[in-house]
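Mapping of the sequence shown onto full-length UniProt numbering: position 80 corresponds to residue 80, and the numbering continues sequentially without gaps.
Below is one structure, written out as structure tokens; comments come after it.
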Amino acid sequence: MKFGWIPSTLSDLSLTPSPLTHRILVANDQLFSSSYDRTARVWTVDKGQVSQEFRGHRNCVLTLAYSAPEDLPQDPCMEAAMGGGLLVTGSSDDTAKVWQVASGCCHQTLRGHTGAVLCLVLHVSSHTAFTGSTDATVRAWDILSGEQLRVFREHQGSVICLELTDRLLYSGSADRTVKCWLADTGERVRTFPAHRHSVSALKYHAGTLFTGSGDACARAFDAQSGVLQRVFRGHTFVINCLQVGFSLPSSLLPQGSEGGSPVVCS
Numbered sequence: 001m002k003f004g005w006i007p008s009t010l011s012d013l014s015l016t017p018s019p020l021t022h023r024i025l026v027a028n029d030q031l032f033s034s035s036y037d038r039t040a041r042v043w044t045v046d047k048g049q050v051s052q053e054f055r056g057h058r059n060c061v062l063t064l065a066y067s068a069p070e071d072l073p074q075d076p077c078m079e080a081a082m083g084g085g086l087l088v089t090g091s092s093d094d095t096a097k098v099w100q101v102a103s104g105c106c107h108q109t110l111r112g113h114t115g116a117v118l119c120l121v122l123h124v125s126s127h128t129a130f131t132g133s134t135d136a137t138v139r140a141w142d143i144l145s146g147e148q149l150r151v152f153r154e155h156q157g158s159v160i161c162l163e164l165t166d167r168l169l170y171s172g173s174a175d176r177t178v179k180c181w182l183a184d185t186g187e188r189v190r191t192f193p194a195h196r197h198s199v200s201a202l203k204y205h206a207g208t209l210f211t212g213s214g215d216a217c218a219r220a221f222d223a224q225s226g227v228l229q230r231v232f233r234g235h236t237f238v239i240n241c242l243q244v245g246f247s248l249p250s251s252l253l254p255q256g257s258e259g260g261s262p263v264v265c266s
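Given below as structure tokens:
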């Protein structure tokens with residue numbers, strides 16, 4: 001049995017008749033935004049002006065990530081194209097696209113998913129993008145060449161969120177699980193169960209994996225063993241975003257780590 005994508009992970013934005021901004025990120029004094037109007041844009045933070053617009057997706061742009069110029073190969077032949085860095089976007093048109101920020105041109109279109117691309121993360125040093133989709137797979141791509149490197153297949157529902165740390169990739173799904181993978185091989189390391197609804201948010205910090213779910217709870221797992229350490233209750237609807245403070249209490253830290261206090265929000 002496969003679990004379908006849960007629309008509530010996008011909140012109630014789709015009920016509003018006008019085009020809506022869906023994701024934003026800030027990098028190098030620039031604000032990047034994706035929208036239901038099928039575009040992504042980059043704005044200057046100091047003046048609030050649009051400096052570039054990216055058009056080419058055939059449906060809503062749901063997610064995005066940015067690779068700064070200093071993280072890209074220093075090739076004189078590509079300097080003009082890569083000078084502003086690369087923006088990667090994922091869309092409900094079943095594709096991800098890589099854009100040259102300086103020119104606004106599409107550098108690569110990443111085709112292979114058979115469902116909407118809901119989430120993506122970048123491993124900047126290897127120029128690899130990981131995308132999660134309603135087709136229940138995670139895929140790895142070389143953002144410079146556009147080559148599909150590997151496919152992660154074990155989820156039984158839409159992949160809603162991703163978190164990347166060191167060599168490990170975590171994926172949260174509508175099948176109510178989180179899976180941990182070796183990012184460079186696609187081998188599954190472990191599965192984190194215990195959710196009663198779709199897993200809609202992930203955050204790794206100091207050996208602890210935090211998850212947010214459609215059951216309105218956040219959870220803390222020991223990332224190495226997969227043991228559930230704590231459940232955070234209080235919300236009445238899906239948790240779709242998590243942030244964690246710099247330090248954690250001793251009860252949530254691996255042996256030998258120092259403590260502090262957590263901040264978890266949705």
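For glycine and all other residues, C-beta sits at the position ideal for the given N, C-alpha and C.
Are the beta-carbon atoms of residue 32 and residue 43 separated by less than 9 angstroms? Here the question's residue 32 lines up with position 32 in the sequence shown. Here the question's residue 43 lines up with position 43 in the sequence shown. A contact, by the Cβ cut-off of 9 angstroms.
On the three-state DSSP scale, how would you describe residue 37? The sequence position of residue 37 within the sequence shown is 37, counting from 1. Looking at residue 37 - three-state DSSP - the assignment turns out to be coil, as it is neither helix nor strand.
Distance CB(residue 113)-CB(residue 96) smaller than 9 angstroms: In the sequence shown, the residue the question calls residue 113 occupies position 113. In the sequence shown, the residue the question calls residue 96 occupies position 96. Taking C-beta atoms as the reference points, residue 113 and residue 96 count as a pair closer than 9 angstroms.
Can you tell me whether residue 158 is helix, strand or coil according to DSSP? Locating residue 158 in the sequence shown gives position 158, counting from the first residue. Assignment of residue 158 by DSSP, reduced to helix, strand and coil, places it in the coil class.
Round the Cβ separation of residue 90 and residue 69 to the nearest angstrom and send it over; I've been treating them as touching at under 8 angstroms. Along the sequence shown, read from residue 1 onward, the residue named residue 90 stands at position 90. Along the sequence shown, read from residue 1 onward, the residue named residue 69 stands at position 69. That pair is no contact at about 22 angstroms.
Examine the Cβ distances between the region 200-213 and the region 221-234 and report whether three or more of them are shorter than 8 angstroms. Between the region 200-213 and the region 221-234, the count of Cβ pairs shorter than 8 angstroms is three or higher; the stretches touch.
Suppose the cutoff is 6 angstroms on Cβ atoms and the five residues either side in sequence are ignored; what does the same chain contact list for residue 131 look like? Here residue 131 corresponds to residue number 131 of the sequence shown, with the count starting at 1. Only 90, 96, 117, 120 and 139 meet the Cβ criterion.
For residue 156, does the count of other Cβ atoms within 10 angstroms reach 16, so buried, or fall short, so exposed? For the purposes of this step, residue 156 is taken as the residue at position 156 of the sequence shown. Its Cβ having fewer than 16 others within 10 Å, residue 156 is exposed.
Could I get the ranges of all uninterrupted beta strand (DSSP E) runs contained in the region 183-220, with 3 residues as the minimum, in chain order? Contiguous beta strand (DSSP E) elements confined to the region 183-220 occur at 188-192, 199-205 and 208-213, taking only those with 3 or more residues.
Contacts around residue 279, its chain only, beta-carbon distance under 7 angstroms, and the 5 residues preceding and following it disregarded: The question about residue 279 has no answer, for the chain in this structure spans 1 to 266.
Alpha carbons only, please: which of 220, 99, 173 and 174 is nearest the one belonging to residue 146? To locate residue 146, count along the sequence shown from 1; it is residue 146. If we check each option's Cα against that of residue 146, 99 comes out closest.
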